[in-house]
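In my numbering, the protein residues as written are 23 to 323.
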(Lines of atoms letter the chains of each structure in order from A; the text may use other names.)
(Lines give C-alpha, C1' and ligand atoms only; values in the text may rest on other atoms or scores of the structure.)
Protein backbone atom coordinates (compact mmCIF):
# COMPACT_ATOMS: atom_id res chain seq x y z
CA UNK A 23 0.00 0.00 0.00
CA UNK A 24 1.53 3.30 -1.12
CA UNK A 25 1.10 6.05 1.47
CA UNK A 26 0.40 9.74 0.94
CA UNK A 27 2.93 10.75 3.61
CA UNK A 28 5.54 11.28 4.98
CA UNK A 29 7.25 12.33 1.76
CA UNK A 30 10.68 12.67 0.18
CA UNK A 31 11.70 15.42 -2.25
CA UNK A 32 14.71 14.84 -4.50
CA UNK A 33 16.38 17.41 -6.75
CA UNK A 34 19.03 16.28 -9.22
CA UNK A 35 21.30 18.21 -11.53
CA UNK A 36 23.92 17.01 -14.00
CA UNK A 37 27.32 18.37 -13.01
CA UNK A 38 31.07 17.94 -13.44
CA UNK A 39 31.48 15.97 -10.22
CA UNK A 40 29.36 13.78 -7.96
CA UNK A 41 27.97 15.33 -4.78
CA UNK A 42 25.05 14.71 -2.47
CA UNK A 43 23.34 16.83 0.17
CA UNK A 44 20.76 15.34 2.50
CA UNK A 45 18.40 17.22 4.81
CA UNK A 46 16.07 16.26 7.63
CA UNK A 47 12.43 17.29 7.69
CA UNK A 48 13.29 20.48 9.61
CA UNK A 49 15.81 21.50 6.95
CA UNK A 50 18.87 20.69 9.04
CA UNK A 51 21.71 18.88 7.22
CA UNK A 52 21.87 15.11 7.63
CA UNK A 53 25.44 13.82 7.49
CA UNK A 54 25.59 10.69 5.35
CA UNK A 55 27.94 7.88 6.25
CA UNK A 56 30.57 6.69 3.74
CA UNK A 57 28.47 3.53 3.35
CA UNK A 58 25.39 5.55 2.43
CA UNK A 59 27.32 7.66 -0.07
CA UNK A 60 28.79 4.52 -1.63
CA UNK A 61 25.27 3.14 -2.05
CA UNK A 62 24.26 6.14 -4.13
CA UNK A 63 27.42 5.86 -6.23
CA UNK A 64 26.71 2.17 -6.82
CA UNK A 65 23.19 3.09 -7.86
CA UNK A 66 24.48 5.58 -10.42
CA UNK A 67 26.81 2.96 -11.88
CA UNK A 68 23.98 0.43 -12.17
CA UNK A 69 21.62 3.02 -13.63
CA UNK A 70 24.25 4.06 -16.18
CA UNK A 71 24.64 0.42 -17.25
CA UNK A 72 20.87 0.10 -17.55
CA UNK A 73 20.63 3.20 -19.74
CA UNK A 74 23.36 1.78 -21.97
CA UNK A 75 21.38 -1.46 -22.33
CA UNK A 76 18.46 0.65 -23.56
CA UNK A 77 20.75 2.43 -26.07
CA UNK A 78 20.23 5.71 -24.25
CA UNK A 79 23.21 8.05 -24.46
CA UNK A 80 22.91 9.83 -21.16
CA UNK A 81 25.70 10.21 -18.60
CA UNK A 82 24.59 10.46 -14.97
CA UNK A 83 27.73 9.41 -13.06
CA UNK A 84 28.47 13.04 -12.23
CA UNK A 85 25.23 14.16 -10.64
CA UNK A 86 24.38 16.47 -7.78
CA UNK A 87 21.64 15.24 -5.43
CA UNK A 88 19.65 17.20 -2.91
CA UNK A 89 17.40 15.06 -0.71
CA UNK A 90 14.82 16.47 1.68
CA UNK A 91 13.33 13.54 3.56
CA UNK A 92 10.38 13.70 5.91
CA UNK A 93 10.74 9.94 6.38
CA UNK A 94 12.89 9.04 9.40
CA UNK A 95 15.55 6.56 8.22
CA UNK A 96 16.16 3.11 9.59
CA UNK A 97 13.00 2.59 11.65
CA UNK A 98 10.81 0.50 9.31
CA UNK A 99 9.22 3.23 7.19
CA UNK A 100 10.78 2.34 3.82
CA UNK A 101 12.84 5.52 3.55
CA UNK A 102 15.13 3.96 0.92
CA UNK A 103 12.17 2.98 -1.24
CA UNK A 104 10.87 6.55 -1.11
CA UNK A 105 14.25 8.05 -2.03
CA UNK A 106 15.08 5.72 -4.91
CA UNK A 107 11.60 5.88 -6.43
CA UNK A 108 11.94 9.67 -6.42
CA UNK A 109 15.40 9.44 -8.00
CA UNK A 110 14.14 7.11 -10.72
CA UNK A 111 11.25 9.44 -11.48
CA UNK A 112 13.60 12.43 -11.65
CA UNK A 113 16.07 10.72 -13.98
CA UNK A 114 13.25 9.56 -16.24
CA UNK A 115 12.12 13.18 -16.54
CA UNK A 116 15.68 14.33 -17.29
CA UNK A 117 15.96 11.75 -20.06
CA UNK A 118 12.69 12.97 -21.54
CA UNK A 119 13.92 16.58 -21.40
CA UNK A 120 17.43 15.92 -22.74
CA UNK A 121 16.92 13.02 -25.15
CA UNK A 122 13.22 13.11 -25.96
CA UNK A 123 12.90 9.49 -24.80
CA UNK A 124 9.93 8.54 -22.65
CA UNK A 125 10.61 5.58 -20.38
CA UNK A 126 7.75 3.20 -19.71
CA UNK A 127 6.41 2.68 -16.20
CA UNK A 128 8.05 -0.74 -16.21
CA UNK A 129 11.43 0.76 -17.14
CA UNK A 130 11.17 3.44 -14.45
CA UNK A 131 10.27 0.72 -11.96
CA UNK A 132 13.38 -1.24 -12.91
CA UNK A 133 15.44 1.94 -12.53
CA UNK A 134 14.03 2.45 -9.03
CA UNK A 135 14.64 -1.16 -8.04
CA UNK A 136 18.36 -0.80 -8.79
CA UNK A 137 18.55 1.26 -5.60
CA UNK A 138 15.97 -0.47 -3.41
CA UNK A 139 13.97 -3.62 -3.99
CA UNK A 140 10.84 -1.97 -2.62
CA UNK A 141 11.24 1.25 -4.60
CA UNK A 142 9.56 -0.16 -7.72
CA UNK A 143 6.31 -0.46 -5.80
CA UNK A 144 6.48 3.18 -4.76
CA UNK A 145 6.24 4.25 -8.41
CA UNK A 146 2.53 3.43 -8.33
CA UNK A 147 -0.29 4.64 -6.15
CA UNK A 148 -2.80 2.50 -4.33
CA UNK A 149 -2.07 -1.18 -3.82
CA UNK A 150 0.99 -2.65 -5.54
CA UNK A 151 2.63 -6.07 -5.80
CA UNK A 152 6.17 -6.95 -6.82
CA UNK A 153 6.44 -9.98 -9.09
CA UNK A 154 8.46 -12.82 -7.57
CA UNK A 155 9.81 -14.01 -10.93
CA UNK A 156 10.64 -10.80 -12.80
CA UNK A 157 10.69 -8.19 -10.03
CA UNK A 158 8.24 -5.99 -11.97
CA UNK A 159 5.82 -3.90 -9.92
CA UNK A 160 2.14 -4.25 -10.80
CA UNK A 161 -0.68 -2.08 -9.49
CA UNK A 162 -3.40 -4.26 -7.98
CA UNK A 163 -5.83 -1.38 -7.51
CA UNK A 164 -5.62 2.44 -7.59
CA UNK A 165 -5.73 4.61 -4.48
CA UNK A 166 -9.42 5.35 -5.11
CA UNK A 167 -10.34 1.66 -4.78
CA UNK A 168 -10.29 1.35 -0.98
CA UNK A 169 -9.64 4.34 1.31
CA UNK A 170 -7.56 2.58 3.96
CA UNK A 171 -5.54 4.48 6.55
CA UNK A 172 -2.16 3.70 8.10
CA UNK A 173 -1.68 5.21 11.54
CA UNK A 174 2.00 4.70 12.28
CA UNK A 175 3.31 4.33 15.83
CA UNK A 176 7.07 4.89 16.12
CA UNK A 177 8.47 3.87 19.54
CA UNK A 178 11.98 5.12 18.72
CA UNK A 179 13.56 7.29 16.03
CA UNK A 180 16.97 5.68 16.55
CA UNK A 181 18.26 4.07 13.36
CA UNK A 182 18.51 0.29 13.41
CA UNK A 183 22.03 -1.16 13.52
CA UNK A 184 21.41 -3.70 10.75
CA UNK A 185 19.72 -2.38 7.62
CA UNK A 186 17.09 -4.16 5.55
CA UNK A 187 19.57 -5.03 2.80
CA UNK A 188 21.87 -6.78 5.28
CA UNK A 189 18.87 -8.46 6.87
CA UNK A 190 17.74 -9.91 3.54
CA UNK A 191 21.21 -11.36 3.02
CA UNK A 192 20.95 -13.26 6.32
CA UNK A 193 17.43 -14.63 5.81
CA UNK A 194 18.61 -17.84 4.13
CA UNK A 195 20.49 -18.83 7.32
CA UNK A 196 17.18 -19.29 9.19
CA UNK A 197 15.75 -22.84 9.34
CA UNK A 198 12.32 -21.25 8.78
CA UNK A 199 13.27 -19.48 5.55
CA UNK A 200 12.37 -22.33 3.18
CA UNK A 201 8.85 -22.61 4.54
CA UNK A 202 8.44 -18.84 4.31
CA UNK A 203 9.36 -18.86 0.63
CA UNK A 204 6.86 -21.63 -0.03
CA UNK A 205 4.07 -19.69 1.70
CA UNK A 206 4.63 -16.36 -0.06
CA UNK A 207 2.74 -17.11 -3.34
CA UNK A 208 -0.36 -18.22 -1.39
CA UNK A 209 -0.25 -15.20 0.89
CA UNK A 210 0.24 -12.79 -2.01
CA UNK A 211 -2.73 -14.24 -3.86
CA UNK A 212 -4.95 -14.16 -0.78
CA UNK A 213 -3.92 -10.57 -0.02
CA UNK A 214 -4.61 -9.57 -3.61
CA UNK A 215 -8.03 -11.19 -3.54
CA UNK A 216 -8.82 -9.55 -0.20
CA UNK A 217 -7.89 -6.10 -1.53
CA UNK A 218 -9.94 -6.51 -4.69
CA UNK A 219 -12.95 -7.74 -2.67
CA UNK A 220 -12.33 -5.21 0.13
CA UNK A 221 -12.34 -8.12 2.57
CA UNK A 222 -10.65 -6.56 5.59
CA UNK A 223 -10.91 -9.65 7.78
CA UNK A 224 -8.96 -11.74 5.26
CA UNK A 225 -6.43 -8.94 4.69
CA UNK A 226 -5.88 -8.69 8.44
CA UNK A 227 -5.32 -12.42 8.75
CA UNK A 228 -2.80 -12.58 5.90
CA UNK A 229 -0.91 -9.38 6.78
CA UNK A 230 -0.43 -10.31 10.42
CA UNK A 231 0.47 -13.91 9.59
CA UNK A 232 3.12 -12.81 7.11
CA UNK A 233 4.52 -10.09 9.36
CA UNK A 234 5.02 -12.42 12.33
CA UNK A 235 6.48 -15.09 10.06
CA UNK A 236 9.00 -12.61 8.64
CA UNK A 237 10.16 -11.60 12.11
CA UNK A 238 10.47 -15.25 13.18
CA UNK A 239 12.79 -15.79 10.22
CA UNK A 240 14.90 -12.79 11.21
CA UNK A 241 15.01 -13.84 14.86
CA UNK A 242 16.26 -17.32 13.89
CA UNK A 243 18.85 -16.19 11.33
CA UNK A 244 22.56 -16.35 12.04
CA UNK A 245 23.28 -13.95 13.64
CA UNK A 246 19.73 -13.32 14.86
CA UNK A 247 18.08 -9.98 14.08
CA UNK A 248 15.69 -8.56 16.64
CA UNK A 249 14.06 -5.45 15.23
CA UNK A 250 11.03 -5.39 17.53
CA UNK A 251 11.25 -3.45 20.78
CA UNK A 252 9.38 -4.11 24.05
CA UNK A 253 7.21 -1.11 23.15
CA UNK A 254 6.31 -2.83 19.87
CA UNK A 255 4.93 -5.86 21.68
CA UNK A 256 3.07 -3.64 24.15
CA UNK A 257 1.39 -1.67 21.35
CA UNK A 258 0.35 -4.90 19.61
CA UNK A 259 -1.14 -6.36 22.80
CA UNK A 260 -3.08 -3.19 23.60
CA UNK A 261 -4.23 -2.92 19.98
CA UNK A 262 -5.58 -6.47 20.07
CA UNK A 263 -7.47 -5.70 23.28
CA UNK A 264 -8.97 -2.56 21.70
CA UNK A 265 -9.86 -4.41 18.50
CA UNK A 266 -11.64 -7.21 20.33
CA UNK A 267 -13.40 -4.85 22.72
CA UNK A 268 -14.71 -2.40 20.12
CA UNK A 269 -14.80 -4.73 17.08
CA UNK A 270 -12.61 -2.43 15.00
CA UNK A 271 -11.41 -3.13 11.46
CA UNK A 272 -7.71 -2.57 12.16
CA UNK A 273 -4.64 -4.71 11.55
CA UNK A 274 -1.05 -4.39 12.68
CA UNK A 275 2.13 -5.02 10.75
CA UNK A 276 5.81 -4.23 11.14
CA UNK A 277 8.63 -3.97 8.63
CA UNK A 278 12.30 -4.29 9.62
CA UNK A 279 12.07 -2.00 12.63
CA UNK A 280 10.15 -1.39 15.86
CA UNK A 281 7.53 0.75 14.13
CA UNK A 282 3.95 -0.52 14.19
CA UNK A 283 1.67 0.20 11.24
CA UNK A 284 -2.02 0.25 12.18
CA UNK A 285 -3.94 -0.16 8.93
CA UNK A 286 -7.64 0.48 9.28
CA UNK A 287 -10.86 1.44 7.53
CA UNK A 288 -12.65 4.79 7.57
CA UNK A 289 -15.04 3.51 10.24
CA UNK A 290 -12.18 2.66 12.61
CA UNK A 291 -9.74 5.49 11.96
CA UNK A 292 -10.88 7.89 14.69
CA UNK A 293 -10.59 5.25 17.40
CA UNK A 294 -7.22 4.08 16.05
CA UNK A 295 -5.88 7.65 16.00
CA UNK A 296 -6.98 8.14 19.59
CA UNK A 297 -5.27 4.88 20.57
CA UNK A 298 -2.06 5.82 18.76
CA UNK A 299 -1.76 9.28 20.29
CA UNK A 300 -2.25 7.78 23.75
CA UNK A 301 0.99 5.78 23.38
CA UNK A 302 3.59 7.35 25.66
CA UNK A 303 6.85 8.64 24.15
CA UNK A 304 5.93 7.54 20.61
CA UNK A 305 5.98 9.55 17.38
CA UNK A 306 2.78 9.25 15.35
CA UNK A 307 2.24 9.64 11.61
CA UNK A 308 -1.33 9.81 10.29
CA UNK A 309 -1.30 8.57 6.70
CA UNK A 310 -3.60 6.97 4.16
CA UNK A 311 -3.37 5.21 0.82
CA UNK A 312 -1.99 7.65 -1.74
CA UNK A 313 -0.39 8.25 -5.13
CA UNK A 314 2.98 7.05 -6.35
CA UNK A 315 6.17 8.99 -7.05
CA UNK A 316 5.85 11.91 -9.44
CA UNK A 317 8.00 14.65 -10.94
CA UNK A 318 6.75 17.95 -9.61
CA UNK A 319 8.66 20.31 -11.89
CA UNK A 320 11.58 20.50 -14.28
CA UNK A 321 14.10 23.31 -14.01
CA UNK A 322 16.18 23.89 -17.18
CA UNK A 323 19.86 23.12 -16.66
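For every residue, glycine included, the Cβ atom is placed at its ideal position computed from N, Cα and C. Model, not experiment: these values are computed from the prediction.
Once the 5 residues before and after residue 73 are set aside, which same chain residues still bring their CB inside 7 Å of it?
Annotation for residue 73: 80 place their beta carbon closer than 7 Å to its own, counting only its chain and skipping 5 residues before and after.
In the DSSP assignment, what are the bridge partners of residue 43?
Answer is 88.
Identified DSSP bridge partners for residue 205
Paired residues: none, contrary to the question.
Separation of residue 292 from residue 141, as counted between CA atoms
Taking the Cα positions, residue 141 is about 30 Å away from residue 292.
Less than 7 Å between C-beta atoms, sequence neighbours within five positions excluded: which residues of the same chain meet that for residue 38?
Around residue 38: 84.
Residue 268, DSSP secondary structure in three states:
Assigned with DSSP and collapsed to three states, residue 268 falls in helix.
Between residue 323 and the rest of its own chain, which residues show a CB-CB distance below 8 Å, the 5 nearest in sequence each way excluded?
Since pLDDT at residue 323 reaches only 39, below the 50 mark, its modelled position is unreliable, and the value read off the structure follows with that caveat. Around residue 323: 35, 36.
Find out if the Cβ-Cβ distance for the pair residue 25, residue 309 is shorter than 8 Å.
Going by C-beta atoms, residue 25 is nearer than 8 Å to residue 309.
Whole angstroms are fine: how far does the CA of residue 189 sit from the CA of residue 229?
A straight-line Cα-Cα distance of about 20 Å links residue 229 and residue 189.
Residue range of the unbroken beta strand (DSSP E) whose run includes residue 332
The first residue shown for the chain is 23 and the last is 323, placing residue 332 beyond what the model contains.
In chain order, what residues of the same chain have a beta carbon less than 6 Å from the beta carbon of residue 294, not counting five sequence neighbours either side?
Only residues of its own chain outside the window of five on either side were considered, and among them 173, 272, 284, 286 have a CB closer than 6 Å to the CB of residue 294, listed in chain order.
Going along the chain, which residues of its own chain have a beta-carbon closer than 6 Å to the beta-carbon of residue 138, five neighbours each way excluded?
Within the same chain, residue 138 has close Cβ partners 102, 103, 106.
On the DSSP letters alone, give me the boundaries of the beta strand (DSSP E) that residue 309 sits inside.
Per DSSP, the continuous beta strand (DSSP E) segment holding residue 309 begins and ends at 305 to 310.
Would you tell me roughly how many angstroms separate the C-alpha atoms of residue 157 and residue 315, rounded to the nearest one?
Rounded to the nearest angstrom, the two C-alpha atoms are 18 Å apart.
With contact counted as at least three CB pairs below 8 Å, one residue from each stretch, are the segment 246 to 258 and the segment 50 to 67 in contact?
Output reads no: the segment 50 to 67 does not touch the segment 246 to 258.
In the DSSP assignment, what are the bridge partners of residue 149?
According to DSSP, which records beta bridges pairwise, residue 149 is partnered with 163.
From which residue to which residue does the beta strand (DSSP E) around residue 123 run?
For residue 123, there is no enclosing beta strand (DSSP E), since its DSSP letter is neither H nor E.
Out of 240, 282, 225, state which residue places its alpha-carbon closest to the alpha-carbon of residue 259.
When C-alpha distances from residue 259 are compared across 240, 282, 225, the shortest belongs to 282.
Unbroken beta strand (DSSP E) run spanning residue 48, endpoints:
Per DSSP, residue 48 belongs to no beta strand (DSSP E) and is neither H nor E.
Here's a check: name, in chain order, each residue in its chain whose Cβ is nearer than 6 Å to the Cβ of residue 192, leaving out the five neighbours to either side.
Result list for residue 192: 243, in chain order.
Taking only the alpha-carbon atoms, compute the straight-line gap between residue 46 and residue 301 and give it to the nearest angstrom.
Taking the straight line joining both Cα atoms gives about 24 Å.
Rounded to a whole number of angstroms, what is the C-alpha to C-alpha distance between residue 183 and residue 87?
Just so you know, the alpha carbons of residue 183 and residue 87 end up roughly 25 Å apart.
Nonlocal neighbours in the same chain, by C-beta distance under 7 Å from residue 33, ignoring five residues either side:
Setting aside the 5 residues that flank it on each side, residue 33 is surrounded in the same chain by 88, each with a C-beta closer than 7 Å to its C-beta; the list follows chain order.
If we count the other Cβ atoms within 10 Å of its Cβ and call it buried at 16 or more, is residue 218 buried or exposed?
Looking at its Cβ environment, which holds fewer than 16 other Cβ atoms inside 10 Å, residue 218 is exposed.
Kindly list the residues whose CB is nearer than 8 Å to the CB of residue 236, restricted to its own chain and excluding five residues on each side of it in sequence; keep chain order.
Cβ within range, chain order: 202.
So the candidates are 257, 232, 171, 196; which of them puts its Cα closest to the Cα of residue 239?
Cα-wise, what sits closest to residue 239 is 196.
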